[in-house]
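Heads up: the structure comes next, in structure tokens.
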Amino acid sequence: AQSVTQLGSHVSVSEGALVLLRCNYSSSVPPYLFWYVQYPNQGLQLLLKYTSAATLVKGINGFEAEFKKSETSFHLTKPSAHMSDAAEYFCAVTTQGGSEKLVFGKGTKLTVNP
Amino acid sequence: GAGVSQSPSNKVTEKGKDVELRCDPISGHTALYWYRQSLGQGLEFLIYFQGNSAPDKSGLPSDRFSAERTGGSVSTLTIQRTQQEDSAVYLCASSQILSGDADTQYFGPGTRLTVL
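Quick mapping for you: the protein sequence lines, in order, are chains A and B. Counting the first sequence from 1 gives a position; the numbering used here is that position plus 145. Counting the second sequence from 1 gives a position; the numbering used here is that position plus 217.
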């Protein structure tokens, strides 16, 4: 069975600082990995996804993530945080082309300080 | 185009009552998913519909929960004899099945269910 661990339920950064949100996965077969963002009282929006085409994945709003098989990681980064990045971020894994259930991490709430 | 829509956006009910939550997926999407988001449990898969195949009900927490998808489009999640622990945000997602790729699941805004 797949699982996802997000280290740090809360992360706080200053505006303009690097954002790093950690995600480690467990899967017995090659995974498909996703990062979703959730703004208050809204649904989930896809930031980016890893589908095995390239290990460095670029997403929306300046975010990117790198798949590292040896570390079973898929950390999310953004070089310079913006106030509008404040939200909750979820890492998720699935193994059958995405046409199966997503298994989510517990989420990381990002706070951006002025 | 239109995204996934859910209704109602908020539902307050009394313990023991039945509730129905509705999801309208993106037109043309053959796969539909229900998830539950609660403070204690995070985001949990409930049920998955794909075309005319039998649904994957492996995530339903009890037999009080059921779902149907009529005509391959709209889905209704029904919770019978609601309990306080059913209070959560119920999220619906849909995706277009593409061969050989990881399909993106597009989420609706959710229905916030409060059981008093």
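Note that beta-carbon positions come from the ideal geometry of N, C-alpha and C, so glycine has one too.
Residue i and residue j closer than 8 Å at C-beta
i, j, result
"SER182 (chain A)", "GLN190 (chain A)", "The question names Ser, yet the displayed sequence has Val at residue 182 (chain A). Result yes, Cβ atoms of VAL182 (chain A) and GLN190 (chain A) sit closer than 8 Å."
"LYS254 (chain A)", "HIS155 (chain A)", "yes"
"VAL291 (chain B)", "ARG329 (chain B)", "no"
"PHE212 (chain A)", "VAL149 (chain A)", "no"
"ALA232 (chain A)", "ALA162 (chain A)", "no"
"TYR252 (chain B)", "PHE266 (chain B)", "no"
"THR222 (chain A)", "LEU152 (chain A)", "no"
"GLN301 (chain B)", "LYS232 (chain B)", "yes"
"ALA169 (chain A)", "SER215 (chain A)", "Residue 169 (chain A) is actually Asn in this sequence, not Ala. Contact: no."
"THR247 (chain B)", "GLY268 (chain B)", "yes"
"THR240 (chain A)", "LEU247 (chain A)", "no"
"LEU256 (chain B)", "CYS309 (chain B)", "no"
"LEU260 (chain B)", "PHE179 (chain A)", "no"
"GLN258 (chain B)", "VAL306 (chain B)", "no"
Contacts around residue i, its chain only, beta-carbon distance under 8 Å, and the 5 residues preceding and following it disregarded
i, result
"GLN187 (chain A)", "none"
"GLU209 (chain A)", "LEU193, LEU201, VAL202, LYS203, LEU221, THR222 and LYS223"
"ASP230 (chain A)", "VAL164, ASN206, LYS223, LEU255 and VAL257"
"GLY220 (chain B)", "ILE243, TYR323 and GLY325"
"PRO185 (chain A)", "ALA232"
"LYS228 (chain B)", "VAL236, LEU238, THR328, ARG329, LEU330 and THR331"
6 Å Cβ shell around residue i - same chain, five flanking residues per side excluded
i, result
"ASN258 (chain A)", "SER159"
"GLU237 (chain B)", "THR293 and THR295"
"SER157 (chain A)", "THR256"
"SER171 (chain A)", "SER148"
"PHE282 (chain B)", "ILE296"
"LYS234 (chain B)", "THR299"
"ASP241 (chain B)", "SER222 and VAL291"
7 Å Cβ shell around residue i - same chain, five flanking residues per side excluded
i, result
"PRO326 (chain B)", "GLN223 and SER226"
"THR321 (chain B)", "SER312"
"ASP273 (chain B)", "ILE264 and TYR265"
"VAL332 (chain B)", "THR230, LYS232, THR299, GLN300, GLN301, ASP303 and SER304"
"LEU277 (chain B)", "LEU263 and ILE264"
"THR196 (chain A)", "TYR177"
Beta bridge counterpart(s) of residue i as assigned by DSSP
i, result
"THR150 (chain A)", "A:ASN169"
"VAL238 (chain A)", "A:LEU178 and A:VAL248"
"LYS228 (chain B)", "B:LEU330"
Proximity test, residue i beta-carbon vs the ligand MG heavy atom, cut-off 7 Å
i, result
"ALA310 (chain B)", "Of ligands this structure carries none, so the ligand MG is not represented either."
Worksheet entry | Inside the region 182 to 220 of chain A only - alpha helix (DSSP H) runs reaching at least 4 residues | none
Fill in: Length-filtered (3 minimum) beta strand (DSSP E) runs lying within the region 244 to 329 of chain B
248 to 255, 259 to 267, 282 to 286, 292 to 296 and 305 to 312
Fill in: Residues within the region 190 to 205 of chain A neighbouring chain B, beta-carbon criterion of under 8 Å
GLN190, LEU191, LYS194, TYR195 and THR196
Worksheet item: Mind listing which residues of the region 250 to 267 of chain B have their C-beta closer than 7 Å to chain A's C-betas, in chain order?
Response: TYR250, GLY259, LEU260, PHE262, TYR265 and GLN267
Discussion item. Under 7 Å, CB to CB, which of the residues in the region 178 to 190 of chain A have a partner in chain B?
Written reply: GLN187, GLY188 and LEU189
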